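One gets our numbering by counting positions in the sequence shown from 1 and adding 5 to each.
All C-beta atoms in this analysis are idealised placements derived from N, C-alpha and C, irrespective of residue type, glycine included.
All values reported here derive from a predicted model rather than from experimental measurement.
Worksheet: one structure, shown below.
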Amino acid sequence: MSLRRRLLVGSTSIALLAACGASRIPPTLRGYDILVERGDPERDALARAFREGGFRVRRAVRGGSRPTAALVYFTFRHPDTDGPAWLHLRLADTRSGVILRAATIALDSTAQTPRGRAQAAIQAFMVQDTVFLAP
Numbered sequence: 006m007s008l009r010r011r012l013l014v015g016s017t018s019i020a021l022l023a024a025c026g027a028s029r030i031p032p033t034l035r036g037y038d039i040l041v042e043r044g045d046p047e048r049d050a051l052a053r054a055f056r057e058g059g060f061r062v063r064r065a066v067r068g069g070s071r072p073t074a075a076l077v078y079f080t081f082r083h084p085d086t087d088g089p090a091w092l093h094l095r096l097a098d099t100r101s102g103v104i105l106r107a108a109t110i111a112l113d114s115t116a117q118t119p120r121g122r123a124q125a126a127i128q129a130f131m132v133q134d135t136v137f138l139a140p
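Okay, structure coming up:
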């Protein structure tokens with residue numbers, strides 16, 4: 006195989022690998038930094054999981070930078086049932102406030118640790134806009 010052909014095959018392979026990595030990030034979040042402020046083990050685990058998922062993560066607000074999606078999350082348990090608590094997560098554009106992605110996961114035995122909840126959240130964000138993972 007000639008040097009020219011090897012270079013062409015090598016550069017094509019690198020381009021395909023780069024495209025495959027970028028395609029894991031949902032189209033609505035491509036080009037966005039994810040803002041996960043510092044504060045507690047839950048946030049640290051979520052920031053780590055976003056980085057491992059291929060996202061660029063920021064820990065503080067910074068003006069004049071790339072488009073940014075802020076992570077907002079809360080837990081909820083319906084008071085009339087003995088069912089599990091749910092973790093609701095939203096990624097909102099910091100400039101417009103538009104919700105870009107949303108996910109909801111049950112806080113059952115599979116999501117008891119901050120790391121487990123963070124991994125489940127990232128997986129839910131990657132699948133579709135709103136995901137309900139039942140226990």
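Discussion item. Between G69, V103, P84, R53, which has its C-alpha nearest P119's C-alpha?
Written reply: It is R53.
Worksheet entry | Cβ-based neighbour list, R71, same chain, cut-off 6 Å, excluding 5 preceding and 5 following | Non-local C-beta neighbours of R71 in its own chain, meaning closer than 6 Å and more than five positions away in sequence, comprise D38, ordered along the chain.
Discussion item. At the level of alpha carbons, what is the spacing between L105 and G44?
Written reply: Cα to Cα, L105 sits roughly 23 Å from G44.
Item to complete: Give a yes or no on whether the C-beta atoms belonging to W91 and R82 are separated by under 9 Å.
Response: Cβ atoms of W91 and R82: closer than 9 Å.
Worksheet entry | Cβ neighbour criterion (16 or more within 10 Å) applied to Q117 | By the C-beta density criterion, Q117 is exposed, having fewer than 16 other C-beta atoms within 10 angstroms.
Discussion item. Going by DSSP in three states, A107 sits in which element: helix, strand or coil?
Written reply: Strand.
Item to complete: Report the three-state DSSP secondary structure of A65 (helix, strand or coil).
Response: A65: coil per DSSP, three-state reduction.
Worksheet entry | Selected residue, minimal CA-CA separation from D93, among V103, A50, R61, V77 | Looking at the sequence provided, one finds His at residue 93 rather than Asp. Residue V77 holds the alpha-carbon nearest to the alpha-carbon of H93 among V103, A50, R61, V77.
Practice prompt. Could you tell me the distance, in whole angstroms, from the CA atom of V41 to the CA atom of D49?
Written response: Rounded to the nearest whole angstrom, the CA to CA distance from V41 to D49 is 8 Å.
Worksheet item: Can you tell me whether DSSP reads R29 as helix, strand or coil?
Response: Collapsing the DSSP output to three states places R29 in coil.
Practice prompt. Report buried or exposed for T73, applying the criterion of at least 16 other Cβ atoms within 10 angstroms of its Cβ.
Written response: The residue is buried, with at least 16 neighbouring Cβ atoms inside 10 Å.
Worksheet item: Quick one: what does DSSP say A74 is sitting in, helix, strand or coil?
Response: Strand.
Worksheet item: Any idea what DSSP makes of A123, helix, strand or coil?
Response: The three-state reading of DSSP puts A123 in helix, counting H, G and I together.
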